[in-house]
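Let me begin by presenting the structure, written as structure tokens, before commenting on it.
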Amino acid sequence: MIPLLQAQAPATSFWSEAFNSSELWTKLIITLIVGLVVMVGLLYAPIRARKPIVAFFTFISGAYWVLLYLWPKPIDRQPGEMPLNTVETVSFWLADSNNVVVSFTQILTGFLLGLGIFSLLKIHLTKISKGHKDAFFSIVLLASMGLMIWFGYADWFDRLGERGAMLDNRDNWGFTQYGRDFLFEGLLQQMDAAMFSVIAFYILSAAYRAFRVRSVEATILLSAALLVLLSLMGAVSFVWDENVKAIANGNPFILNFQLTEVAQWIRNTFQTSSIRGIQFGVGLGALAMGLRLWLSLEKPGSGS
Amino acid sequence: MKGNLGEKLQSLPKPILYLILILATSIPLFFPTEVPNEPVESTKDFYATLMALPEGSKVLLMSDWTGSTRGESKGAFRSIFKILIRRKAKVAIYSAADPQAPRVAQDAINELNMERKRKNLPTFDRWNDWVNIGYFPNAEAAINGIANDLKGAFGGRKDFPPNSPPRDVFQSPVLQGVTKVEDFPLMLVITASKTSNFAVERVSGRTPLAFAVTGVMVPETQVFYQSKQIVGYCGGLKGVYDLEQLMESGVNFPDKATAKIKSDKLGTIEGFPDPDNKGQGTRYYPTLHYALALMIIMIILGNVGMFLAKRGDKS
Amino acid sequence: MRITAGVIATIGLYSVLWKENKFYRFFEHVFLGLAAGWTMVALWTETLKANWWDKMVGTPAETGAAATNGMFAYALLIPFGLMGYFVFSKKHNWISRIPIGIILGLWSGQQVQVWWNTYGPQIDATLKPILPTTWDSLIVPSTNGLTPEQLSQVQSQIYFSQAVNNFLFTLTVVSVLSYFLFSFEVKSKAVKGINTMGRYLLMIGFGAIFGSTVMMRFTLLIDRMHFIWIEWLRDGVFPMISGR
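Below is the structure:
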């Protein structure tokens with residue numbers, strides 16, 4: 046087992062050193078330097094080696110999950126249990142590595158999220174430095190970003206102390222907490238809600254202008270949509286159903302014509318099955334795409 | 010506007026349309042009414058699942074909503090917490106879709122606690138009753154990690170005990186004795202994104218799953234519900250309103266004959282009448298009727314216009 | 145003040161409905177800036193601190209918990225993360241494909257397991273009986289007033305109407321799937337017929353999705369209107385003006 050893959054080691058080893066020890070910092074700096082040297086080395090990699098390098102990393106990363114799925118799993122493994130044979134050694138190793146692999150994925154994704162921020166900074170700083178006509182808006186964006194970073198971290202630092210939980214109560218708030226709340230809850234969340242709700246206007250306008258009964262498909266689509274819209278209006282369903290109940294007088298066949306029943310029938314018989322058909326198709330596509338990406342048959346992983 | 014009636018009917022200017030929509034979604038808000046409603050099966054099952062939790066149960070909650078869908082998700086979140094508080098549940102919250110989500114969830118619980126404090130009700134305390142485990146990027150990998158090695162995935166995450174610096178979440182009463190996802194009798198997902206699909210992919214069959222999803226996700230969630238991969242779900246504003254009514258009336262409660270909400274499938278499930286049950290669902294649902302009616306009218310108007318224009322062309 | 149600021153920002157963003165204007169652009173940039181700023185905060189406080197830094201350098205002993213060791217190998221993730229930033233280099237942007245390839249590899253490797261976990265139970269749920277088990281009644285009889293035994297007897301049978309529904313269900317799944325799988329030109333008339341039916345049935349699904357989408361978008365708008373008219377104007381501004 047590679048000790049790196051142990052989530053938390055109680056005793057020190059080659060791979061894990063005590064918190065804040067000089068051994069840890071020495072190894073950490075050496076590792077970082079080695080990593081950076083390898084990265085610089087990649088700058089000089091020959092063109093024909095690029096594709097295999099990318100394909101290698103892609104394959105190795107995917108191989109872990111494929112192995113984890115296909116390899117026999119340990120049955121009723123107890124804490125501290127030693128593996129009995131090679132198969133079990135591999136299965137224990139795969140199980141123990143899970144958290145590290147997931148952790149690596151998240152950290153790497155985190156670093157790549159920073160890429161978006163870096164790109165945003167690059168664009169807007171360039172606009173400001175070149176005196177672009179929209180430079181004012183770039184300043185607004187960077188100022189908002191700076192303020193949120195400032196108040197966000199200040200609030201976080203305040204919470205690290207013993208008063209952390211007390212700051213959930215508004216009575217204990219200071220300037221930092223009010224500032225964070227103003228920016229996050231007062232502006233960001235409200236604007237987020239506004240941005241997403243604007244689509245309601247466009248959807249009404251588009252439906253009014255384009256939702257026409259021009260073909261069989263459009264007619265089916267429109268009928269299904271209208272029925273769903275009606276069934277979402279509880280008051281309409283209630284009035285419709287009460288009338289049907291009065292007419293049916295207990296007749297189970299006529300009771301089927303209640304709006305809730307019809308909507309449920311459409312939902313259970315056609316809607317769920319058609320969406321399931323779509324999902325099967327999408328699922329097969331994702332599976333095929335997954336295999337192509339893993340084996341670097343798809344362009345993004347080819348490095349070409 | 011030139012042309013015959015058909016063309017006129019098809020060419021209402023956008024600003025007029027927008028104004029009508031604003032009026033249809035604003036005016037009814039000033040006149041609160043209660044509309045009759047029959048909760049759908051999926052929400053009844055959702056409610057039944059929550060109410061079947063033994064008191065003091067530990068629940069894993071993936072909270073993946075932010076301000077963008079607060080119109081639906083916040084209502085669902087608040088109703089679910091009102092039920093969980095009643096069940097004296099202990100809730101472990103984490104997020105995998107959006108970095109804003111943990112703070113949004115935290116603020117929503119704090120708001121709920123402030124209201125409870127004003128009404129002299131016991132608060133739902135951080136650390137003892139709920140912990141915020143934080144945000145995990147790459148939702149697919151995060152849920153995979155939680156499903157395969159919960160202890161490792163949540164290990165090292167900290168939250169705030171009262172009057173103490175942050176401590177490892179596994180020291181909190183919420184996660185005491187929890188080592189794997191199966192230790193939670195229920196996993197709830199309140200989401201506005203694909204993370205519910207990831208939960209089905211990784212967790213279904215390991216522990217019961219129940220979702221609160223946005224309206225647009227209802228059709229795809231119904232697929233999971235029909236195949237019994239999830240035990241129930243609360244979908245969109247209708248789902249929130251259903252949930253609020255279920256909290257008020259229960260199912261087959263006090264008995265099937267006199268119950269307001271009935272079900273052949275479910276037994277008697279208690280309700281807990283309280284004016285506080287009426288939340289976002291009750292406030293918004295009547296207005297939704299006007300908005301949906303407007304949509305239906307506009308679609309019909311456009312089509313009538315098309316037919317009149319065609320007839321005009323022929324004649 | 146907080147609510148007023150939120151209302152002004154909301155109106156600012158809604159002003160785009162009239163036309164693109166500076167008021168809108170101002171708030172659009174504030175929104176982007178705040179969202180990016182929060183991502184920067186959450187990236188460290190919610191993710192990298194616990195998942196990366198604390199694991200790499202370890203943590204000191206604290207109340208109720210022993211110290212943890214640091215694992216220096218986590219430092220290797222810095223160069224891998226930095227490789228992503230080569231995307232901005234014209235000459236070496238291929239290097240950015242290494243971390244992206246790792247993420248894609250990790251995603252793709254999970255797809256086999258994902259497929260079966262997700263679709264296995266759904267395939268099972270699609271295989272429904274399409275032949276009735278009883279002809280006592282064509283439709284499911286009323287269950288009012290039945291004893292639990294009688295109810296379970298009724299529920300254990302497949303009535304003609306249920307068999308028809310099950311057949312329609314299976315037919316819809318198969319025809320929609322066929323429409324997707326045979327999207328290239330097919331010569332078989334039977335497959336063409338099924339594909340056409342699949343397209344029609346698909347429209348029912350899309351109609352339902354449209355209806356649900358409308359509900360969602362209108363609800364989000366109602367929430368905004370409630371925020372402006374009720375939370376701000378009725379409950380905030382009016383009491384302030386009237387001194388209540």
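Residue numbers (this note's numbering), protein chains in the order written: chain A, 46 to 349; chain B, 10 to 324; chain C, 145 to 388.
Note that CB positions come from ideal geometry on N, CA and C, so glycine has one too.
**Asked** Taking Cβ positions only, does E120 (chain B) come closer than 8 Å to chain C?
**Response** The count along the second sequence starts at 1 and reaches residue 120 (chain B) at position 111. No - not a single Cβ of chain C is within 8 Å of the one on E120 (chain B).
**Item:** Pairwise C-alpha distance: D273 (chain B) and G289 (chain C)
**Value:** For this step, residue 289 (chain C) is matched to residue 145 along the third sequence. For this step, residue 273 (chain B) is matched to residue 264 along the second sequence. Using only the alpha carbons, I get a separation of about 11 Å.
**Asked** Any residues in the segment 101 to 113 of chain B with a beta carbon nearer than 9 Å to a beta carbon of chain A? Which ones, in chain order?
**Response** P108, Q109, R112 and V113
**Prompt:** Would a check of beta-carbon distances place D73 (chain B) closer than 8 Å to chain A?
**Reply:** For this step, residue 73 (chain B) is matched to residue 64 along the second sequence. It does not: the Cβ of D73 (chain B) has no partner Cβ on chain A nearer than 8 Å.
**Request:** Report the partner residues of F5 (chain B) according to the DSSP bridge assignment.
**Result:** This structure gives no information on residue 5 (chain B), because the portion of chain B shown stretches from 10 to 324.
**Asked** Which residue or residues does DSSP assign as beta-bridge partners of G143 (chain B)?
**Response** By 1-based counting over the second sequence, the position of residue 143 (chain B) is 134. G143 (chain B) pairs with B:Y103.
**Prompt:** Looking at the C-beta of T148 (chain C), does it have a partner C-beta in chain B at a distance below 8 Å?
**Reply:** Looking up residue 148 (chain C) in the third sequence gives position 4. No - not a single Cβ of chain B is within 8 Å of the one on T148 (chain C).
**Item:** C-beta contact flag for W139 (chain B) and F145 (chain B) at 8 Å
**Value:** Looking up residue 139 (chain B) in the second sequence gives position 130. Looking up residue 145 (chain B) in the second sequence gives position 136. Cβ distance not < 8 Å, so W139 (chain B) and F145 (chain B) don't count as in contact.
**Message:** Within the continuous beta strand (DSSP E) that includes S250 (chain A), where are the two ends?
**Reply:** One-based indexing of the first sequence puts residue 250 (chain A) at position 205. Unbroken run through S250 (chain A) is the alpha helix (DSSP H), I244 to A255; no beta strand (DSSP E).
**Item:** Local Cβ density within 10 Å of Y234 (chain B), reported as buried at 16 or more and exposed below that
**Value:** Counting from one through the second sequence, the residue named residue 234 (chain B) turns up at place 225. So Y234 (chain B) counts as buried.
**Item:** For I85 (chain C), the nearest candidate out of C:P285, C:F232 and C:T316 (CA to CA)
**Value:** One cannot answer for residue 85 (chain C) here, as it falls past the ends of chain C, which runs 145 to 388.
**Prompt:** Are the C-beta atoms of S252 (chain C) and some chain A residue less than 8 Å apart?
**Reply:** For this step, residue 252 (chain C) is matched to residue 108 along the third sequence. By this cut-off, S252 (chain C) is an interface position.
**Request:** Would you mind telling me which residues of chain B sit closer than 7 Å to A280 (chain A), beta carbon to beta carbon, in chain order?
**Result:** Translated into the one-based positions of the first sequence, residue 280 (chain A) becomes position 235. Simply V44, P45 and H298.
**Interface flag, M46 (chain A) vs chain C, CB-CB below 8 Å** = Position 1 of the first sequence, counted from the start, is the residue given in the question as residue 46 (chain A). Residue confidence for M46 (chain A) is low, a pLDDT of 40 falling below 50, so the modelled location carries little weight and cannot support an answer.
**Prompt:** T216 (chain B) to A162 (chain B), Cα distance in whole Å?
**Reply:** By one-based count along the second sequence, residue 216 (chain B) stands at place 207. By one-based count along the second sequence, residue 162 (chain B) stands at place 153. Each residue's Cα considered, the two are about 17 Å apart.
**Contact set for A114 (chain B): own chain, Cβ-Cβ below 6 Å, skip 5 residues either direction** = On the second sequence, position 105 is the one that residue 114 (chain B) refers to. Within the same chain, A114 (chain B) has close Cβ partners S72 and I102.
**Message:** Beta carbons nearer than 8 Å to chain B: which residues of the segment 317 to 349 of chain C have them?
**Reply:** G349
**Request:** Spell out a yes or no on whether the segment 150 to 161 of chain C and the segment 275 to 290 of chain A are touching, meaning 3 or more CB-CB pairs, one atom from each, closer than 8 Å.
**Result:** no
**Request:** Go ahead and pull the three-state DSSP assignment for L205 (chain A).
**Result:** For the purposes of this step, residue 205 (chain A) is identified with residue 160 of the first sequence, where counting begins at 1. Coil.
**Message:** Counting only Cβ-Cβ distances shorter than 9 Å, please list the residues of the segment 299 to 316 of chain A near chain C, keeping chain order.
**Reply:** L300, N301, W310, I311, R312, N313, T314, F315 and Q316
**Asked** Just how far apart, CA to CA, sit L62 (chain B) and P194 (chain B)?
**Response** Translated into the one-based positions of the second sequence, residue 62 (chain B) becomes position 53. Translated into the one-based positions of the second sequence, residue 194 (chain B) becomes position 185. Between L62 (chain B) and P194 (chain B), the C-alpha separation is close to 8 Å.
**Request:** Could you tell me whether any Cβ in chain B is nearer than 8 Å to the Cβ of L329 (chain A)?
**Result:** The residue given as residue 329 (chain A) occupies position 284 in the first sequence. Output row for L329 (chain A): interface = no.
**Prompt:** Helix, strand or coil: which one does DSSP assign to L130 (chain B)?
**Reply:** Along the second sequence, read from residue 1 onward, the residue named residue 130 (chain B) stands at position 121. Note: L130 (chain B) maps to coil in three-state DSSP.
**Message:** Between the alpha carbons of L130 (chain B) and F104 (chain A), how many angstroms are there, rounded?
**Reply:** Numbered from its first residue, the second sequence carries residue 130 (chain B) at position 121. Numbered from its first residue, the first sequence carries residue 104 (chain A) at position 59. About 56 Å.
**Prompt:** Nearest-angstrom Cα distance between D264 (chain B) and S296 (chain C)?
**Reply:** The sequence position of residue 264 (chain B) within the second sequence is 255, counting from 1. The sequence position of residue 296 (chain C) within the third sequence is 152, counting from 1. Going by the C-alpha atoms only, they are around 20 Å apart.
**CB of M190 (chain A) within 8 Å of CB of G177 (chain C), strictly** = By 1-based counting over the first sequence, the position of residue 190 (chain A) is 145. By 1-based counting over the third sequence, the position of residue 177 (chain C) is 33. Cβ distance < 8 Å, so M190 (chain A) and G177 (chain C) count as in contact.
**Prompt:** Who are the near neighbours of L205 (chain A) in its chain, counting only those whose CB is closer than 7 Å to its CB and skipping five residues on each side?
**Reply:** For the purposes of this step, residue 205 (chain A) is taken as residue 160 along the first sequence, with counting starting at 1. Excluding residues within five positions, none has a Cβ falling inside 7 Å.
**Entirely enclosed alpha helix (DSSP H) segments - the segment 141 to 222 of chain A, minimum 4 residues** = 180 to 204
**Request:** Tell me, to the nearest whole angstrom, how far the beta carbon of I270 (chain B) is from that of G259 (chain B); I am working on the premise that it is less than 8 Å.
**Result:** Reading the second sequence from its first residue, position 261 is the one you call residue 270 (chain B). Reading the second sequence from its first residue, position 250 is the one you call residue 259 (chain B). Contact holds; Cβ gap of about 7 Å.
**Item:** Completely contained alpha helix (DSSP H) runs for the segment 298 to 333 of chain C, where each covers 4 or more residues
**Value:** 304 to 325
**Asked** How about M304 (chain B): is its C-beta nearer than 8 Å to some C-beta of chain C?
**Response** Sequence index remark: in the second sequence, residue 304 (chain B) carries index 295 (1-based). True, the Cβ-Cβ gap to chain C drops below 8 Å.
**Message:** By alpha-carbon positions, which one of A:L192, A:G155, A:L139 and A:N130 ends up nearest to V174 (chain C)?
**Reply:** The residue given as residue 174 (chain C) occupies position 30 in the third sequence. It is A:L192 whose Cα lies nearest to the Cα of V174 (chain C).
**Prompt:** Does S159 (chain C) have its Cβ less than 8 Å from a Cβ in chain A?
**Reply:** For this step, residue 159 (chain C) is matched to residue 15 along the third sequence. It does not; no Cβ of chain A falls within 8 Å.
**Message:** Under DSSP, the alpha helix (DSSP H) around K72 (chain A) begins and ends at which residues?
**Reply:** Residue numbering aside, residue 72 (chain A) sits at position 27 when the first sequence is read from its first letter. That run of the alpha helix (DSSP H) goes S67 to L87.
**Prompt:** Where does the unbroken beta strand (DSSP E) through M71 (chain B) begin, and where does it stop?
**Reply:** Your numbering for residue 71 (chain B) matches position 62 in the second sequence. Where M71 (chain B) is concerned, the enclosing beta strand (DSSP E) stretches over K67 to D73.
**Request:** Label V79 (chain A) either buried or exposed according to how many other C-beta atoms from any shown protein chain fall within 10 Å of its C-beta, with 16 as the threshold for buried.
**Result:** Working through the first sequence from its first residue, we reach residue 79 (chain A) at position 34. By the 10 Å Cβ count, V79 (chain A) comes out exposed.
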